[in-house]
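The next block holds one structure in the form of structure tokens; read it before the comments.
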Amino acid sequence: MLTVRDLKVHFPITKGVFFDRVVGAVRAVDGVDLTIPDGATLGLVGESGCGKSTVGKAILRLVPLTSGTVRFDDVELSALHGEALRTARRKVQMIFQDPYASLDPRQNVESILAEPIRTHALRKGAAIDTRVVELLDSVGLPRTAAGRYPHEFSGGQRQRIGIARALAAEPSLIIADEPVSALDVSIQAQVVNLLADLQEQLDLTYLFISHDLAIVRHIADDVAVMYLGGIVETTSAELLYTRPLHPYTLALLSAVPIPDPIVEDTRRRTVLEGDLPSPANPPSGCRFHTRCVYVRDRCVTERPELREVEPGHMAACHFAEEIAVSISPRPAVDQRP
Ligand SMILES: Nc1ncnc2c1ncn2[C@@H]1O[C@H](COP(=O)(O)OP(=O)(O)OP(=O)(O)O)[C@@H](O)[C@H]1O
Ligand SMILES: [Mg+2]
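Using our numbering, read the sequence shown as starting at 14 and increasing by one per residue.
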């Protein structure tokens, strides 16, 4: 199980000619809680710049944590350093949007895949070659791929190499950061299905980061919606798509038609307007208040906590209950006798 508690990642903004002095901070991640049970997939969604990748990097400690804790399988990753951190990191691997940028163009596929096996001393001698073949098979690449270089492959195949490299370290948790966003739509489903198959075979836990709500719906068990460094809503994928309770989620989903005339009427008003405010200077109170169609005075001054509004359904909105009532399907006919 992965548990992230009150995670904050603030990047300092510095200014100065001879001496840098800190004049502010980009609050890329500002108090995030996440829980992913073993073998489950959590989808992390939100607009560009809301802090999704920074959450992924912070779990792996690829960026310094300002505060908060990250625990995976009883190991507090956020407390480790040096060799202990390197050892623990093997269990958590990342898959990136652009495998081309993360694969060394001068290494052939065999050495790309053999490297993590050697680094972590998972196999020796001829067993390494056997393992490379096994990895190629598991991601659906031909064995002849071993002698070829990244540029010789299509985008979808390159992402399969990226997945095989992540698997080479024998992880339990995979952080997939927009793993199919750079691929043709026709290829996206194949790669998502491959990830789903591998999860079942290898009992993997996924943090699946994407701005594409349709893809996340397909693969995720639970979904967390992020806005300007914070989680604004989290629940099962089923509930998130059928009964969104946060105005931001409603806006994100507003392109999806809802079979209810009352919701249909409000839907048009929930289209998201304006840009994401700067995380260096976030709005007061509820960070979404500058773009929210339901905004009231309280939202400007008081930051709403992420709280359980309905069973198993968390939202950070002062008026989530009212929104829940307004979106509840009403009986089509009067049922009084
Ligand atoms: N190393 C850094 N130094 C300073 N600011 C950073 C750094 N990395 C990210 N940021 C800022 O933090 C915020 C969140 O960035 P992040 O990459 O996590 O967003 P994202 O949700 O992954 O966006 P996208 O969908 O575009 O990938 C952005 O405002 C970004 O400019
Ligand atoms: Mg990103």
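Glycine is no exception: its CB is placed at the ideal position from the N, C-alpha and C atoms.
Residue i vs residue j beta-carbon contact at 8 Å
| i | j | result |
| --- | --- | --- |
| V193 | I141 | no |
| T82 | K21 | no |
| A181 | P129 | yes |
| G64 | V42 | yes |
| R84 | D46 | no |
| V221 | G175 | A small fix is needed here, since residue 221 is Phe in this sequence, not Val. Not in contact: F221 and G175 (Cβ atoms no closer than 8 Å). |
| A71 | A293 | no |
Sequence-distant residues of its chain with Cβ nearer than 7 Å to residue i (five each side left out)
| i | result |
| --- | --- |
| A127 | I141, V145 |
| T218 | L15, I49, D51, G52, A53, S185, L186 |
Residue burial classification, residue i (beta-carbon count within 10 angstroms, cutoff 16)
| i | result |
| --- | --- |
| R320 | exposed |
| P260 | buried |
| R311 | exposed |
| T157 | exposed |
| Q201 | buried |
| H302 | buried |
| E318 | exposed |
| Q172 | buried |
| L75 | exposed |
| E213 | exposed |
| F166 | buried |
| V5 | Nothing in the structure corresponds to residue 5, since the chain is present only between 14 and 350. |
Helix, strand or coil at residue i according to DSSP, with G and I counted as helix
| i | result |
| --- | --- |
| R230 | helix |
| D216 | coil |
| E89 | strand |
| Y35 | The amino acid at residue 35 is misidentified as Tyr; the sequence shows Val. DSSP places V35 in strand when its eight states are reduced to three. |
| H23 | strand |
| I271 | Interpretation of I271 is limited by its pLDDT of 48, a score under 50 that renders its predicted location unreliable; no figure is taken from the coordinates. |
| Q120 | coil |
| L15 | strand |
| S194 | coil |
| D113 | Sequence inspection shows Tyr at residue 113; the Asp mentioned does not correspond to that position. The answer is helix: DSSP assigns Y113 an H, G or I state. |
| G168 | helix |
| V76 | coil |
| R136 | coil |
Nonlocal neighbours in the same chain, by C-beta distance under 8 Å from residue i, ignoring five residues either side
| i | result |
| --- | --- |
| A337 | R256, L258, V322, E323 |
| M239 | V45, L57, V58, G59, C63, G64, K65, V68, V245 |
| L266 | L226, Y254, P257 |
| E286 | R304 |
| P118 | Y162, P163, H164 |
| P295 | R40, D43, L241, G242 |
| R34 | T27, K28 |
| E315 | G298, C299, H331 |
| I232 | T54, G56, V205, L208, A209, Y219, F221 |
Residue i at chain D interface by Cβ criterion, 8 Å
| i | result |
| --- | --- |
| A237 | Among the chains in the structure shown there is no chain D, since it carries only a single protein chain. |
6 Å Cβ shell around residue i - same chain, five flanking residues per side excluded
| i | result |
| --- | --- |
| Q106 | A179, A182, P184, I187 |
| A134 | none |
| A333 | L258, V322 |
| D235 | L55, S249 |
Contact test: residue i Cβ vs ligand 4 heavy atom, cutoff 7 Å
| i | result |
| --- | --- |
| K65 | This structure lacks ligand 4; the ligands present are ligand 1 and ligand 2. |
> Touching or not, the stretch 205 to 219 and the stretch 24 to 34, by the rule of three or more beta carbon pairs under 8 Å?
Replying inline: Contact between the stretch 205 to 219 and the stretch 24 to 34 is absent: fewer than three C-beta pairs spanning the two stretches fall below 8 Å.
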